[in-house]
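Residue numbers (the numbering used here): 100 to 174.
C-beta: ideal position from N, C-alpha, C; glycine also.
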Amino acid sequence: MSNKPNAIIFGGLNTCSRTLAALLVPPDGGERLVENLRIVDKYSVAPPTTYLGSVFPEVLKQPNVEYRQANLTVA
C-alpha cells in the first residue's frame, strides 16, 4: 500500500486541469505524486469536445487515472 494521497480534480479541463493532472501523474513515467487521480468535468474526452493538447491523452492512459464526464453546475 502506498502512502501517497488520492486526488480528485473538479472542472477546469479547458484551462488548468490538464497541466495539474500531468504534474500529479507524469505521462513520461516519472514519479507519481498521487496514488489515484479522478478528473470530473463537463467536456467529453472520447470524442473530445474541447482542446486536450498532446500530453493529456497520455495522462488518461496511466494506471489509476479515471475521467468522468459530468455537468457540475447541476446539483
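Consult DSSP for residue i and reduce its assignment to one of helix, strand or coil.
i: alanine 106; result: strand
i: proline 147; result: strand
i: arginine 117; result: helix
i: valine 124; result: coil
i: leucine 171; result: coil
Should residue i be labelled buried (16 or more other beta-carbon atoms within 10 Å of its own) or exposed?
i: isoleucine 107; result: exposed
i: phenylalanine 155; result: buried
i: arginine 167; result: exposed
i: valine 124; result: buried
How many angstroms separate the CA atom of residue i from the CA atom of residue j?
i: glutamate 165; j: asparagine 105; result: 12 Å
i: glycine 111; j: serine 101; result: 27 Å
i: aspartate 140; j: arginine 131; result: 22 Å
i: lysine 103; j: asparagine 163; result: 13 Å
i: glycine 129; j: leucine 119; result: 14 Å
i: lysine 126; j: alanine 169; result: As written in the sequence, residue 126 is proline, which differs from the lysine given in the question. Taking the straight line from one Cα to the other gives about 24 Å.
Between residue i and residue j, is the Cβ-Cβ spacing less than 8 Å?
i: valine 158; j: alanine 121; result: yes
i: isoleucine 138; j: serine 153; result: no
i: leucine 151; j: phenylalanine 109; result: no
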